[in-house]
Amino acid sequence: MKLYYAPGACSLASHIILNEINVDFDLERVNLKTHKTEKGADYYAINPKGYVPALEINPGLILTENVAILPFLAQHDPKQDLIPPSGLGRAKVLEWLGYLNSELHDAYAVFFGTSLSDEAKEKAYAEIDRLLAYIEKAIAESDNDYLVDDNFGPADAYLFVLTNWSNGIGHDLAPYTNIIALRNKVAERQSVQIAMRDEGLIP
Ligand SMILES: N[C@@H](CCC(=O)N[C@@H](CS)C(=O)NCC(=O)O)C(=O)O
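FYI, full-length UniProt numbering numbers position 46 of the sequence shown as 46, with every residue one higher than the one before it.
Shown next as structure tokens:
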């Protein structure tokens with residue numbers, strides 16, 4: 001398998017899950033401004049949508065969209081801990097991925113590729129805060145160690161990556177103590193440390 005990624009982008013969640021499962025994989029960095037890969041390929045020819053992540057499963061067979069790639073990768077976990085194979089547990093993972101992808105990811109994405117007025121920034125921070133408040137409360141009211149049950153999974157990886165962006169956009173994550181505690185747990189995982197190092201995000 002090969003992951004097309006950009007350092008620190010949402011593709012980092014797929015990179016983390018790839019490190020969690022027992023498969024060989026390659027990485028190819030994409031320049032999201034030029035839409036060229038590090039090998040000089042035209043990224044639109046690989047993924048006509050132009051964005052990352054894209055997962056090449058076999059030569060010429062490409063899967064896109066976080067909500068498709070993350071469960072697909074997670075189900076390769078030999079221990080079946082990353083995502084329940086079926087039933088309500090699996091639906092709960094998809095429920096989180098849907099919320100993170102269509103709500104929180106979009107709220108952060110407002111900041112990318114454009115410069116916002118102070119008024120627009122405040123509005124965008126307020127939307128991120130509204131969405132994070134839901135997650136904060138859900139964690140506070142749950143006895144689980146992670147977003148779904150007591151096992152780390154793709155929703156935790158995705159939340160970790162999205163909330164990494166707060167720093168870069170000047171958003172204050174400090175009030176979200178439960179989210180921060182979850183982030184700290186996720187950050188300690190070897191899969192996360194290796195992915196961040198391989199993407200040049202940490203030394
Ligand atoms: N719906 C897509 C969105 C992916 C996405 O927004 N990727 C961003 C990086 S986090 C990107 O590549 N942006 C550059 C672009 O859209 O040209 C998914 O969930 O996979």
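Idealized CB from N, CA, C, for every residue including glycine.
Being a predicted model, the structure only gives us computed values, none of them experimental.
Comparing C-alpha positions only, which one of the options sits nearest to residue i?
i           : options                   : result
N164        : I21, P84 and P7           : P7
A68         : Y158, L131 and L32        : Y158
L32         : L104, I17, F112 and P84   : F112
R90         : G153, L100, N167 and A195 : G153
I21         : K49, A74 and E56          : A74
T37         : V23, A54 and S86          : A54
E186        : N151, I135 and K137       : Note that residue 186 is Val in the sequence shown, not Glu. Checked all of N151, I135 and K137; the closest Cα to V186 is N151.
E95         : P59, Y125, I135 and V110  : I135
H171        : N184, K137 and K121       : K121
D145        : A9, N184, G87 and Q80     : N184
residue 205 : A45, V52 and A41          : No statement about residue 205 is possible, as the shown extent of the chain runs from 1 to 203 and does not include it.
Quick check: is any heavy atom of ligand 1 less than 7 Å from the C-beta of residue i?
i    : result
E65  : yes
V186 : no
L32  : yes
V52  : yes
A6   : yes
N101 : yes
A124 : no
A41  : no
A9   : yes
A157 : no
A109 : yes
Leaving aside the five residues before and after residue i along the sequence, list all residues of the same chain whose C-beta is less than 8 Å from its C-beta, in chain order.
i    : result
Q190 : N19
G98  : V67
M196 : L12 and I202
D198 : H15 and L27
F25  : M1, K2, L3 and L18
Just to confirm, are residue i and residue j a CB contact at a threshold of 8 Å?
i    : j    : result
L131 : L104 : yes
V110 : A133 : no
K2   : E56  : yes
Y5   : N47  : no
Leaving out five residues before and five after residue i in sequence, what residues of the same chain have Cβ atoms less than 7 Å from its Cβ?
i           : result
A13         : N66, L70, P154, A157, Y158 and V161
L100        : A155, Y158, L159 and L162
A140        : N178
F72         : L63
K39         : E28
H76         : I21 and V23
residue 207 : Because residue 207 is not part of the residues shown, which for the chain are 1 to 203, the question remains open.
Looking only at its own chain, which residues have a Cβ that is under 6 Å from the Cβ of residue i, when we skip the five neighbours before and after it?
i    : result
A107 : E127, I128 and L131
I194 : N19
P84  : R90
Y43  : V30, H35 and T37
Practice prompt. Jot down the residue ranges of each uninterrupted alpha helix (DSSP H) in the UniProt domain "GST C-terminal" (86-203), minimum 4 residues, whole runs only, in chain order.
Written response: Runs of the alpha helix (DSSP H) lying entirely within the UniProt domain "GST C-terminal" (86-203) and spanning at least 4 residues, in chain order: 87-99, 106-109, 118-140, 154-169, 177-187 and 190-198.
Discussion item. Threshold first: 4 residues or longer. Then list the alpha helix (DSSP H) segments lying entirely within the UniProt domain "GST N-terminal" (1-81), N to C.
Written reply: The alpha helix (DSSP H) runs lying completely inside the UniProt domain "GST N-terminal" (1-81) and spanning 4 residues or more are 11-20, 43-46 and 66-74, given in chain order.
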